[in-house]
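Residue numbers (our numbering): 99 to 265.
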């Protein structure tokens, strides 16, 4: 790939930077310190790089420009936009079971209370539209057309509710 070629070319020049292990990352507080001890700015909590989810930090531009570690930390002098960037992959993201987490959340007392509200408000609407109106799939293509079709069925449901309320 293009990135692999760039990495290979970079390694030939002999210019190496501080590895990520030199940066102090605390996943609980979502903070990062550079090797010089300066705090870094959290630029993204849920960045995805090469399929891995993690936190991305940037050094403050003024800190990087005046830093004594600049030659060891950065490949090039800091530009106009930002300082050194680092990316930390979250621990246990692959082991995390989203299905089990949702089951636990729903089974909690607060989850049961919230879900019982949903059962009374939302589910009858979907049940009426899918079973009574026989709309178990969208027959049109494209977001605009699907939204229009959903709006029509919702309108039909609401008119039917009004009719039952009046009579």
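All C-beta atoms, glycine included, are put in the ideal place defined by N, C-alpha and C.
Exercise. For the putative contact between residue 125 and residue 213, defined by C-beta atoms under 8 angstroms, what is the C-beta separation to the nearest angstrom?
Worked result: As a first step, residue 125 is located in the chain shown; it is residue number 27 there, counting from the start. As a first step, residue 213 is located in the chain shown; it is residue number 115 there, counting from the start. Not a contact, Cβ separation roughly 30 angstroms.
Check: Apart from the five residues just before and just after residue 118, which ones in its own chain have a Cβ nearer than 6 angstroms to its Cβ?
Finding: As a first step, residue 118 is located in the chain shown; it is residue number 20 there, counting from the start. Closer than 6 angstroms at the Cβ level, and outside the excluded window around residue 118, lie 184.
According to DSSP, is residue 223 part of a helix, a strand, or is it coil? Here the question's residue 223 lines up with position 125 in the chain shown. Three-state result, residue 223: helix.
| query | What did DSSP end up calling residue 202 once you bin it into helix, strand or coil? | reply | Along the chain shown, read from residue 1 onward, the residue named residue 202 stands at position 104. The answer is helix: DSSP assigns residue 202 an H, G or I state.
Q. Is it buried or exposed for residue 236, if we count other Cβ within 10 angstroms and need 16 for buried?
A. On the chain shown, residue 236 is found 138 positions in, with the first residue counted as 1. Residue 236 should be labelled exposed.
Residue 230 to residue 102 span [Cα, whole Å]:
Indexing the chain shown from 1 puts residue 230 at position 132. Indexing the chain shown from 1 puts residue 102 at position 4. Each residue's Cα considered, the two are about 56 angstroms apart.
Determine the contact status of residue 224 and residue 121, defining contact as a CB-CB distance below 9 angstroms. Start at 1 with the first residue of the chain shown, and residue 224 comes out as number 126. Start at 1 with the first residue of the chain shown, and residue 121 comes out as number 23. Against a cut-off of 9 angstroms, the Cβ pair of residue 121 and residue 224 comes out as no contact.
Q. What's the C-alpha gap between residue 233 and residue 227?
A. The count along the chain shown starts at 1 and reaches residue 233 at position 135. The count along the chain shown starts at 1 and reaches residue 227 at position 129. Distance between the alpha carbons of residue 233 and residue 227: 6 angstroms.
Burial state of residue 154, where buried means 16 or more other Cβ atoms lie within 10 Å
What you label residue 154 is simply residue 56 of the chain shown in a count that begins at 1. Residue 154 is buried by the Cβ-count criterion.
Limits of the beta strand (DSSP E) - the one that residue 137 falls within: Mapped onto the chain shown, residue 137 falls at position 39. No beta strand (DSSP E) contains residue 137, which DSSP labels as neither H nor E.
Would you say residue 114 and residue 134 are within 9 angstroms of each other, going by their C-beta atoms?
Position 16 of the chain shown, counted from the start, is the residue given in the question as residue 114. Position 36 of the chain shown, counted from the start, is the residue given in the question as residue 134. No, the Cβ-Cβ distance between residue 114 and residue 134 is not below 9 angstroms.
The beta strand (DSSP E) that contains residue 156, what's its start and end?
To locate residue 156, count along the chain shown from 1; it is residue 58. Per DSSP, residue 156 belongs to the beta strand (DSSP E) from 150 to 157.
* Asked: In the DSSP assignment, what residue or residues form a beta bridge with residue 183?
  -> Counted from its first residue, the chain shown places residue 183 at position 85. The partner list for residue 183 (beta bridge, DSSP) reads 156.
Exercise. Excluding the five sequence neighbours on either side, which residues of its own chain have a C-beta within less than 7 angstroms of the C-beta of residue 181, listed in chain order?
Worked result: Counting from 1 along the chain shown, the entry for residue 181 is found at position 83. Contacts found: 156, 157, 158, 159, 161, 162.
Q.
At the level of alpha carbons, what is the spacing between residue 146 and residue 140?
A. For the purposes of this step, residue 146 is taken as residue 48 along the chain shown, with counting starting at 1. For the purposes of this step, residue 140 is taken as residue 42 along the chain shown, with counting starting at 1. Cα to Cα, residue 146 sits roughly 14 angstroms from residue 140.
What are the boundary residues of the beta strand (DSSP E) that includes residue 123? Mapped onto the chain shown, residue 123 falls at position 25. Start and end: 122 to 124.
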